[in-house]
Amino acid sequence: MKLKLKDFIIVSLLGVVGFVISMVSGMATQLFGAYGVFVHVSIGSFLCAPVYFVMCNKIPKRGAIFIYYFLSGIIYSIMGFVPMLPIMAVSGIVGELLVGKADNYKNMGRLSLSYVISQLIYSLHGFFFILFLGVEGLVKTFPNLFTLEAAQSVRDTFFNPMNMAVILSIEIIAAVLGTLFGKYIYKKFFDKTGDKRSILS
7 MKLKLKDFII
17 VSLLGVVGFV
27 ISMVSGMATQ
37 LFGAYGVFVH
47 VSIGSFLCAP
57 VYFVMCNKIP
67 KRGAIFIYYF
77 LSGIIYSIMG
87 FVPMLPIMAV
97 SGIVGELLVG
107 KADNYKNMGR
117 LSLSYVISQL
127 IYSLHGFFFI
137 LFLGVEGLVK
147 TFPNLFTLEA
157 AQSVRDTFFN
167 PMNMAVILSI
177 EIIAAVLGTL
187 FGKYIYKKFF
197 DKTGDKRSIL
207 S
């Protein structure tokens, strides 16, 4: 089954909703000060899960997951964060591969695995920036965001094994809890039960 124009529009709209939730929650982590880096994506991973589960169950077609993540990459690029595009593209590709065939788009177990790993890749964007751009490259790419000292601080954070263990643990826990939240929201408000029709029917 191929994505139709209606499907593409719905996936795109839900992708924008997911992006907005992720951005707002990411900005909220500034309240944690220096510790915000440890939960920068985690809050969004929890809150965006319902959007992901509703989308996959309502548009159970190959390509929906990729578009969902790739759209975020495009928006990031428009905002000036071009290096986010390949990271989000990889998240989408991995998500599609983990779900597998289109029939699995309604397999809650496969969707959960897909979501957790895709969000985990997304959460490591800071690490990938430093890994591929380096400290000086990060400053040149994002001159309005990073001084040399700030970029070095980012490097020290992500290249510290203990910090990485904490970041990965928090992200995995948040994403897993998000899948439980996502499944609950989908079944409660969007799943068809008897004569009840879902909101996106």
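Whatever position you read off the sequence shown (first residue = 1), add 6 for this note's numbering. We put the CB at the ideal spot given by N, CA and C, even for glycine.
In this structure, the alpha-carbon of F25 lies about 12 Å from that of A55.
Rounded to the nearest whole angstrom, the C-alpha separation of I49 and S28 is 8 Å.
The region 54 to 68 makes contact with the region 103 to 112, as at least three CB pairs between them are under 8 Å. In the three-state scheme derived from DSSP, where H, G and I count as helix and E and B as strand, L130 is classed as coil. Taking the CA atoms as reference points, G42 sits about 34 Å from F14. Cβ contact annotation for I123 (same chain, cutoff 8 Å, sequence separation greater than five): V100, G101 and L104, in chain order. Of all alpha-carbon atoms in S120, M94 and G21, the one lying nearest the alpha-carbon of G79 is that of M94. Here DSSP, grouped into helix, strand and coil, assigns L104 to helix. Annotated as distal: N63 and Y190, with beta-carbon spacing of 8 Å or more. For the pair I173 and F44, the Cα-to-Cα distance works out to about 5 Å. Under the Cβ criterion (8 Å, minimum of three pairs), the region 129 to 141 counts as touching the region 151 to 160. When the five nearest sequence neighbours on each side are left out, the beta carbons in the same chain lying within less than 6 Å of the beta carbon of S51 are those of Q125, A180, A181 and G184, in order along the chain. Contact between V23 and V57 holds: CB atoms are separated by about 6 Å, below the 8 Å threshold. Exclusion of the five residues before and after K112 leaves N63 and P66 as the residues of its chain whose Cβ lies within less than 6 Å of its Cβ. Apart from sequence neighbours up to five positions away, the residues of its chain that approach Y82 with a beta-carbon distance below 6 Å are M90, ordered along the chain.
DSSP, reduced to helix, strand and coil, places L9 outside both helices and strands of the structure shown, so it counts as coil.
Unbroken alpha helix (DSSP H) stretches of 4 residues or longer found wholly inside the region 37 to 101: 48 to 64 and 70 to 84, given in chain order. Leaving aside the five residues that flank S18 on each side, the residues in its chain whose CB is nearer than 8 Å to its CB run, in chain order, I73 and L77. Distance check between L117 and each of I127, L186, V47 and P149 places L186 closest, using alpha-carbon atoms only.
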